[in-house]
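So the protein lines, in turn, are chains A and B.
With this note's numbering, the residue at position 221 of the first sequence is 1592, and numbering never jumps.
With this note's numbering, the residue at position 205 of the second sequence is 219, and numbering never jumps.
Positions of the beta carbon are idealized from the N, C-alpha and C atoms, including for glycine.
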Amino acid sequence: MLQAIELTKRYEDGQLALDALNLEIKPGEIFFLLGANGAGKTTTINLFLNFIEPTSGKAIIDGIDVMENPLETKKYISYVSENVMLYGNFTARQNLDFFAKLGGKTNLRKEDYYTIMRKVGLQEEAFEKKLKTFSKGMRQKVGLAIAIIKDAPNILLDEPTSGLDPKSAAELMQILNNLRNTGKSILMCTHDILRAKSVADRVGIMKEGRLVMLRSREEFLQDDLERIYLDYMQETVMMP
Amino acid sequence: MIGLIARKDFFLNLTSARFILGFLICLFIIPFTLVVSMDRYKGQENVYKVLNDNAEKLLNEARVYSQARPEVVRKPQSLSVFCEGISENLGMSTKVYLGDYPMFLSGQATAKDNPLLNAFFSIDFTSIIAIIMSLLALVFSYDCFTREKENGTIKMILVNKINRSSFFIGKLLGILLTLLPILFFCYLLGILFLVVSPNVALDSNTWLSIGLLFISAVLYVVVFVLLGMFISSMSRQSSTSIIVSLLVWIWFLFLMPNMASYAAQNFVKTDLYENLQFAVSEVNKRHSKQRRDKRLEIQKQLGIDGPNSFISKNDDDGRIEFYGGPKVTFDFHRILTPFEVSYLLDYADKKWALQKSYVDDLMKQEKTQHYLSLLSPSEIFIQLSSSLCHTDANAHSLYMDKLREYRESMIQYFRSNKYFESSLWFTPNKYDLLCDSEEEYKKLSGDWYEAFLKGKEAEKEFSEKYMPKEWLSENNAYLDLSDFPRFAYKPQITGPALNYAISRFAMLLFIALVILMLTMLRFSGYRI
Ligand SMILES: Nc1ncnc2c1ncn2[C@@H]1O[C@H](COP(=O)(O)OP(=O)(O)OP(=O)(O)O)[C@@H](O)[C@H]1O
Ligand SMILES: [Mg+2]
């Protein structure tokens, strides 16, 4: 479970990136956080990961305060970053192996890695190839495999579909769906409204650090999500 | 966790181009420098053998004690293969005189102002290690945080239950794991060169030195790895940190040491060697005068106008050696010798007072350079290495101290055996072999001269007939000098040398710890 209580971040340069965010993502829920560039999505994720410290408020993972006990919370989260680069001189499997071990999965076999990589849709012949020969989407898939293999109850994804071809993106949604069904809390930041519509349990729209809209699946399926999103964006443009 | 990170970095480093490049560079340069150093050492060893045999032969050919002046040849240090230090600036041999304290080894270039200054970068094994390993250390560490940040992998790592200090230590170990085998390989090669060379005996103290040499190199590498990591922790991008690293490298390796020796030479002035020479020659003049006066006094006392002899050999260091002549010459030298010797020793002390202050000045200058260079880790490392190899200024000055002690023991030898009072000091001839009066001798030598003018045959016939055979020097036996003190000093890593080494170790360790703390501090707030 992921909780944000009055979570606020003001960067050293005075930029208010996140303004009193209140949010709760339950086990078995996929939450899509939408928002324009610079809205504060990555900031939110970074706060959960303790990569940056909140100015005020709390981020809580499975009941543990991130600020108070950051190391403990790391057991319960996995993360897919915006731009997965990984280690170019390692093969896909070696990358997976390294991060799996870091995540505490020490007794996995080659086959287990292959299974995961198949699951994220990486082509078989790339398994033992060096990462530096990979395309962006292929790297993204390895990153996803790394997040999945850790098998943490909370998953944070920062624009994971960027760089994925439509088929892979659809497969990703399928994977997330399955993960949700095993009881994981999933926070996904994206610009991809289409995908949000297909799998999200709830959708939030963020603007200038504030969560300006929150809709459950039933609600946003009734309205036209694209229209709502553009409406909110419109206001930004129109604001003097 | 730490091991996991270290292993990851180790494998990544192994497959990186910089590792292969670094290893190749070491593979080519290190054996080359070792071959050159070994060659030079062997050359020195050969010269040593020749000089030493000669010196021994010369000493054993003395027929009178005033001729017994040992020449001490410095044995080249086998460890100089690792670090030359100032050994190239200095000569090898010293003749030990009564009338002079040993000050420098002869054969040194006096054109250089201060031979103790290691002002010119000599390209030996240690300097190469200092240059290459520091560069490699920086090359492997300059991007250790920035690269992980640029690749986003630092985030993916820190998402796991691993804190920043473990990550940091893991990275440090990963780099060391990559570099230390290269370093070990280099030293192993050096040791191998020593072990297979026939005339190098490696005793336990030499092994201790070699061990300490390697440990100091490890510490040195650690310092530069940490330095690179610190620079990385200060930078946002690899492109900035590499520039900064290179500047730091040039500063520590080249600018700093040169500035130190420049500053030392300019701020601590030493007297010109020529001034010392002049002052010493003034003392020598006074010495000669006193000696001449004494001789005249004794001549007057004995009523002669000079000590006549059939053969005589003299030098400025009190060598008086005569064969044949009137008894009065024997008396003359018997009276003169104690004065002659006491003047020699006296004036040696007087000159030494001047020379010591000059040498002290040189040492002061060297110390200044030494302390100024402590600001650079590479200089600490080189100093430490040359101290462990006995090729630094301290080892040299210790050696000269031992030589001066040796001179004392030589004087003591003459004294306790009463050779200054013995006629063996100036002639092996017995008193009764000499002519009773000046006139008798003058007649004999006049006749001999006539025979000599007639030719070799006549001269030979004459001397065989009328002169004792001992009047010819070659008919006298050599002295038995088996109990003459020999110079036996072997530099060891004990006492002050060990303390010195330990203090330099402590310095490197201290620097490493300070940078470690700073880097950890920086990295704990490093934005990923
Ligand atoms: N390290 C930083 N220092 C100062 N300001 C920052 C920093 N990181 C982000 N910001 C600012 O905070 C705001 C939110 O940034 P954030 O990266 O969270 O946006 P985002 O929603 O992830 O955008 P995108 O869709 O482009 O990824 C932006 O205005 C950005 O300029
Ligand atoms: Mg973002």
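| Asked | Found |
| --- | --- |
| Nonlocal neighbours in the same chain, by C-beta distance under 8 Å from Leu1467 (chain A), ignoring five residues either side | Tyr1484, Ile1487, Met1488, Val1513, Ala1516, Ile1517, Ile1520 |
| Integer Cβ distance of Leu1527 (chain A) from Ile1448 (chain A), believed to fall under 8 Å | 6 Å |
| Exposure of Ser371 (chain B), with buried meaning 16 or more beta-carbon neighbours within 10 Å | exposed |
| Proximity of Met424 (chain B) and Val110 (chain B) at Cβ, strictly below 8 Å | yes |
| Proximity test, Cβ basis, 8 Å: Leu1473 (chain A) and chain B | yes |
| Cutoff 8 Å: Gly166 (chain B) Cβ touching any chain A Cβ | yes |
| Within-8 Å CB hit, Leu512 (chain B) to chain A | no |
| Check: Tyr1450 (chain A) C-beta below 7 Å from any heavy atom of ligand 1 | no |
| Lys1429 (chain A) - partner residues in DSSP beta bridges | A:Ile1376 |
| Neighbouring residues, chain B, relative to Ser1427 (chain A) (Cβ below 8 Å) | The contacting residues do not exist; Ser1427 (chain A) stays about 19 Å from chain B at best. |
| Any heavy atom of ligand 2 within less than 7 Å of residue CB: hits in chain order | A:Lys1412, A:Thr1413, A:Glu1453, A:Asp1529, A:Glu1530, A:Cys1560 |
| Any non-hydrogen atom of ligand 4 closer than 7 Å to Ala1391 (chain A) Cβ | This structure lacks ligand 4; its bound ligands are ligand 1 and ligand 2. |
| Min CB distance Ser1506 (chain A) to chain B below 8 Å | no |
| Residues that Ile1517 (chain A) contacts on chain B, provided the C-beta gap is smaller than 9 Å | Met170 |
| Short CB-CB distance (under 8 Å) between Gly57 (chain B) and chain A | no |
| Sequence ranges, alpha helix (DSSP H) only - wholly within the segment 189 to 230 of chain B, length at least 4 | none |
| Where Tyr455 (chain B) falls, given that 16 or more other Cβ within 10 Å makes a residue buried | buried |
| Which of helix, strand or coil DSSP assigns to Phe238 (chain B) | helix |
| Buried or exposed by the 16-neighbour rule on C-beta atoms within 10 Å, applied to Leu1543 (chain A) | buried |
| Chain B contact for Lys1446 (chain A) (CB, 8 Å cutoff) | yes |
| Which residues DSSP lists as bridging Ile1396 (chain A), in chain order | A:Leu1373 |
| Residue-level contact to chain A via CB, Val95 (chain B), 8 Å cutoff | no |
| Ala1388 (chain A): CB within 7 Å of a non-hydrogen atom of ligand 1 | yes |
| Closer than 7 Å: Asp1384 (chain A) CB and nearest ligand 1 heavy atom | yes |
| First and last residue of the uninterrupted alpha helix (DSSP H) at Thr1414 (chain A) | 1412 to 1419 |
| Presumed contact (8 Å Cβ cut-off) between Gly469 (chain B) and Asp331 (chain B), rounded CB distance | No, Gly469 (chain B) and Asp331 (chain B) are not in contact; Cβ-Cβ is about 37 Å, not under 8 Å. |
| Neighbourhood of Ala82 (chain B) by C-beta distance below 8 Å, restricted to the same chain and skipping five residues each side | Leu73, Ala76, Leu493, Leu495, Phe498 |
| Contact set for Asn1417 (chain A): own chain, Cβ-Cβ below 6 Å, skip 5 residues either direction | Ile1423 |
| Trp265 (chain B) burial status per 10 Å Cβ neighbour count (16 or more: buried) | exposed |
| Closest residue to Asp1536 (chain A) among A:Arg1566, A:Gly1428, A:Asn1408, A:Ile1396 (Cα-Cα distance) | A:Arg1566 |
| 4 or more residues per run - each alpha helix (DSSP H) lying fully within the segment 1433 to 1494 of chain A | 1441 to 1444, 1463 to 1473, 1481 to 1490 |
| Exposed unless 16 or more other CB atoms sit within 10 angstroms - verdict on Val342 (chain B) | buried |
| Interface residues of chain B facing Tyr1458 (chain A) [CB-CB closer than 8 Å] | Lys22, Leu26, Asn165, Thr167 |
| Straight-line gap, Gly547 (chain B) to Lys479 (chain B) (C-alpha atoms, nearest Å) | With chain B covering only 15 through 542, there is no way to say anything about residue 547 (chain B). |
| Helix, strand or coil at Met377 (chain B) according to DSSP, with G and I counted as helix | helix |
| Interface positions of the segment 171 to 189 of chain B facing chain A (Cβ-Cβ less than 9 Å), listed along the chain | Ile171, Leu172, Val173, Asn174, Lys175, Ile176, Asn177 |
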